[in-house]
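Chemist:
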Amino acid sequence: AAAVAEVAWDGRGRTSDGHPVPVLANVGSPADARAAVENGAEGVGLFRTEFCFLDARTEPSEATQREAYRAVLEPLAGLPVVVRTLDAGADKPLPFLSMGDEPNPALGVRGLRVAFDRPELLDRQLSAIAGAAADTGARVSVMAPMVATAAEARWFAERARAAGLERVGVMVETPAAALAGPALVRAVDFVSVGTNDLAQYTFAADRLSGALAELNDPWQPALLRLVAELARAGQEHGVPVGVCGEAAADPRLAGVLAGAGVSSLSMSAAALAPVGSALAGHTREAFGRAARAALAADSPQGARDAAARELTAGE
Ligand code: PEP
Ligand code: MG
């Protein structure tokens with residue numbers, strides 16, 4: 240417990256020496272957007288658009304989509320918001336995007352992969368997002384889920400820019416995308432690591448399996464190494480690398496991620512204040528030492544202990 244200093248959060252994510260690490264919210268509905276603002280989010284790092292249409296049996300028209308996105312963006316006027324294009328498949332099936340029977344849905348046609356066969360579906364969504372952005376004062380960026388290669392990232396960025404969206408990113412949720420490092424970050428304006436799926440695919444362990452929960456622990460050193468390596472590629476090329484998976488919501492891990500070079504953290508609204516105050520508890524340099532110690536560990540518990548030791552030693 241000593242590693243998480245209890246410092247009052249003033250609503251701006253930053254280390255005790257003033258290095259900014261914006262704390263952003265994950266949202267999927269207008270109620271989430273209001274909760275994000277009430278809890279002091281500096282913006283939204285992940286708007287899960289598929290949550291707007293979980294019951295839709297047919298593709299929502301562009302006008303219907305625009306209205307649904309507008310309702311979420313409205314409370315966020317003035318704030319930066321990252322809208323993720325539809326992430327259907329595996330744990331989040333969408334009836335109107337049925338992929339048919341796949342033996343391994345988590346390894347199947349999901350996320351951005353759906354759009355390779357049906358690009359007009361993606362284009363309609365991008366156009367609805369651009370419309371909703373224009374209808375509200377939110378500063379909208381878009382990103383694609385389940386990207387595996389730099390070529391896929393380029394393909395998405397081109398279509399998003401053609402739709403009038405100026406800031407384009409991709410999620411890093413596959414080991415291949417994380418290892419694509421420099422080529423991947425050069426293809427986009429920002430990247431956001433989805434640690435839930437990145438853990439699942441790195442450890443070949445279903446994220447919903449209770450029996451495999453330890454492999455999906457966000458403190459797994461192999462996962463942290465992938466994130467740190469990518470963050471370094473981002474820093475070298477001036478491309479922000481954020482984290483929007485569950486890892487970002489763990490106050491003890493937040494500083495470690497910041498110390499590894501992660502530029503922003505996005506989480507559920509309830510985690511904003513605990514993460515914000517944990518970031519304010521130590522300097523960036525101390526978090527950097529904690530990150531190096533955690534990366535060198537050989538188990539999640541070892542990483543937790545090593546990071547905690549560094550931070551208490553530095554007090
Ligand atoms: C993730 O995979 O970490 C992520 C943020 O996306 P989702 O949980 O929606 O798959
Ligand atoms: Mg994911």
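UniProt numbering puts the first residue of the sequence shown at 240, with every later residue one more than the last. Even for Gly, the Cβ is constructed at its ideal location relative to N, Cα and C. Keep in mind it's a predicted model, so treat the numbers as computed, not measured.
(1) Mapping the DSSP letters down to three states, classify L318 as helix, strand or coil.
(2) Check the DSSP bridge columns for V266 and list the partner residues they point to.
(3) Drop a sphere of 10 angstroms on the beta-carbon of R296, count the other beta-carbons inside from all chains shown, and report buried for 16 or more, exposed for fewer.
(4) The beta strand (DSSP E) with S255 in it runs from where to where?
(5) Spatial neighbours of A399 within its chain, please: CB distance less than 7 Å, with the 5 preceding and 5 following residues excluded, ordered by chain position.
(6) Label A241 either buried or exposed according to how many other C-beta atoms from any shown protein chain fall within 10 Å of its C-beta, with 16 as the threshold for buried.
(7) To the nearest angstrom, report how far apart G449 and D436 are at their CA atoms.
(8) How many Å lie between M338 and A546 at the Cα?
(9) What are the partner residues of F429, as DSSP defines its beta bridges?
(10) One question on the structure: do G477 and G500 come within less than 8 Å of each other, judged by their Cβ atoms?
(11) Can you look up L469 in the DSSP assignment and give me helix, strand or coil?
(12) Cβ of V427 within 8 Å of Cβ of V411?
(13) Our contact map puts P414 next to T441 with C-beta atoms below 8 Å; I'd like the distance itself, whole angstroms only.
(14) Can E313 be considered in contact with ligand 2, in the sense that its beta carbon sits closer than 7 Å to one or more heavy atoms?
(15) What are the residues that DSSP puts in a beta bridge with A383?
(16) Taking residue 555 as the reference, give the member of S502, E313 and R471 with the closest Cα.
(17) Report the rounded CA-to-CA distance for A272 versus P299, giving the unit in angstroms.
(18) Which whole-angstrom value is the C-beta distance of G279 and G317, which I expect to be below 8 Å?
(19) With a threshold of 8 Å on Cβ separation, who are the neighbours of R523 within its own chain once the five nearest residues in sequence on each side are excluded?
(20) What span of residues does the alpha helix (DSSP H) with L365 cover, start to end?
Modeler: Working from what's here:
(1) coil
(2) F286
(3) exposed
(4) No beta strand (DSSP E) holds S255; DSSP gives it neither H nor E.
(5) L365, V381 and V407
(6) In this predicted model, A241 has a pLDDT of only 47, less than 50, meaning its place in the structure is not dependable enough to derive any value.
(7) 15 Å
(8) When rounded, the distance between both Cα atoms is 43 Å.
(9) G408
(10) no
(11) helix
(12) It is not a contact, given that the beta carbons lie outside the stated cut-off.
(13) Correct: roughly 5 Å between the Cβ atoms.
(14) No heavy atom of ligand 2 is found nearer than 7 Å to the CB of E313.
(15) V409
(16) Not covered by the structure: residue 555. The range shown for the chain is 240 to 554.
(17) 21 Å
(18) G279 to G317, Cβ: 14 Å. No contact.
(19) Answer for R523: T254, D256, H258, A497 and G498, listed in chain order.
(20) P358 to D374
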